[in-house]
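Here is the structure we will look at.
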Amino acid sequence: MFKLLRSGLLVLGLFAVQSSFAQGDLIKLLDSATSLQAKGDKENLSKVLTSAASGIEEEAKSTKSAFGGKLLNQAGLLKKLIPLAQKGLAQKGALEKIINTVKMLLGANKISNLLGSGSSLIGQAASLKSNLGLIQTGMSVLSGGEGQKLGSLVTTALGSVGKLEKGGITGKAAEPVLKSQLGGITEMVKGLF
Numbered sequence: 000m001f002k003l004l005r006s007g008l009l010v011l012g013l014f015a016v017q018s019s020f021a022q023g024d025l026i027k028l029l030d031s032a033t034s035l036q037a038k039g040d041k042e043n044l045s046k047v048l049t050s051a052a053s054g055i056e057e058e059a060k061s062t063k064s065a066f067g068g069k070l071l072n073q074a075g076l077l078k079k080l081i082p083l084a085q086k087g088l089a090q091k092g093a094l095e096k097i098i099n100t101v102k103m104l105l106g107a108n109k110i111s112n113l114l115g116s117g118s119s120l121i122g123q124a125a126s127l128k129s130n131l132g133l134i135q136t137g138m139s140v141l142s143g144g145e146g147q148k149l150g151s152l153v154t155t156a157l158g159s160v161g162k163l164e165k166g167g168i169t170g171k172a173a174e175p176v177l178k179s180q181l182g183g184i185t186e187m188v189k190g191l192f
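If you read the sequence shown in numbering that gives the first Met the number 0, its first letter stands for residue 0, the second for the next number, and so on.
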């Protein structure tokens, strides 16, 4: 009972619509949608999907990268699931595919925005790890060859992020290589969706 009450309060807190979604809040919403679907909680699932779709739209509209349109497409697909969720008919596979695609696009979008800003990557290791992690999480929607290629690129980039974290000469030397690797990752993700 306590566990159910606690998860219900978490869900209520998550879908309380804010004027601005932080990426972490959006990821929590997406993750909670998966668990609510598994529990058969139709009412809360439809509310979470509504809030998540709004958060994705907000993210899409706030970006200047090519990922904005791709995120809007996923928000549209999520909205189409809401009536099915209200009836308890939302399929696990379809929901997970959309959620993982959104995670991958969110990670690639943040990296693309960072690269597009022209800012130094020094001091951005935590953000880069987090966003590369989102891409890794979302890769489950890809077929074998695409997933393996992207996985290899992400693994290599994470190694470069580790060098960037060391700072000093090692970090400065890793930055141009890492920028190129990240550019390759974002281009690949862009081409997949």
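We put the CB at the ideal spot given by N, CA and C, even for glycine.
Inset, instruction - Could you tell me if VAL36 is buried or exposed, where buried requires 16 or more neighbouring beta carbons within 10 angstroms of its beta carbon? - result: Note that residue 36 corresponds to Gln in the displayed sequence, not to Val. Around the beta carbon of GLN36, 16 or more other beta carbons lie within 10 angstroms, which makes this residue buried.
Inset, instruction - Look at ASN112 and SER64 and say whether their C-beta atoms are less than 8 Å apart. - result: Going by C-beta atoms, ASN112 is nearer than 8 Å to SER64.
Inset, instruction - Could you pull out every unbroken alpha helix (DSSP H) segment of at least 4 residues lying fully inside the segment 33-109, listed in chain order? - result: Runs found: 41-61 and 66-85.
Inset, instruction - Round the Cβ separation of ILE121 and LEU181 to the nearest angstrom and send it over; I've been treating them as touching at under 8 Å. - result: ILE121 to LEU181, Cβ: 14 Å. No contact.
Inset, instruction - Throw me the rounded Cβ distance for the LEU94 and LYS69 pair, which I believe falls under 8 Å. - result: Contact flag wrong, Cβ pair sits at about 18 Å.
Inset, instruction - Let me know the secondary structure DSSP gives SER118 once reduced to three states. - result: In the structure shown, SER118 sits in coil (DSSP, three-state: anything other than H, G, I, E or B).
Legend entry - Secondary structure of LEU141, DSSP reduced to three states: Correct three-state label for LEU141: coil.
Inset, instruction - Take every Cβ of the segment 88-102, pair it with every Cβ of the segment 170-177, and state whether three or more of those distances are shorter than 8 Å. - result: Counting Cβ pairs under 8 Å, fewer than three are found: no touch.
Inset, instruction - Express the C-alpha separation of PRO82 and ALA107 in angstroms, rounding to a whole number. - result: The straight-line gap from Cα to Cα measures roughly 29 Å.
Legend entry - Inter-residue Cα distance where the pair is GLY146 and MET138: In this model, GLY146 and MET138 are separated by some 6 Å (Cα to Cα).
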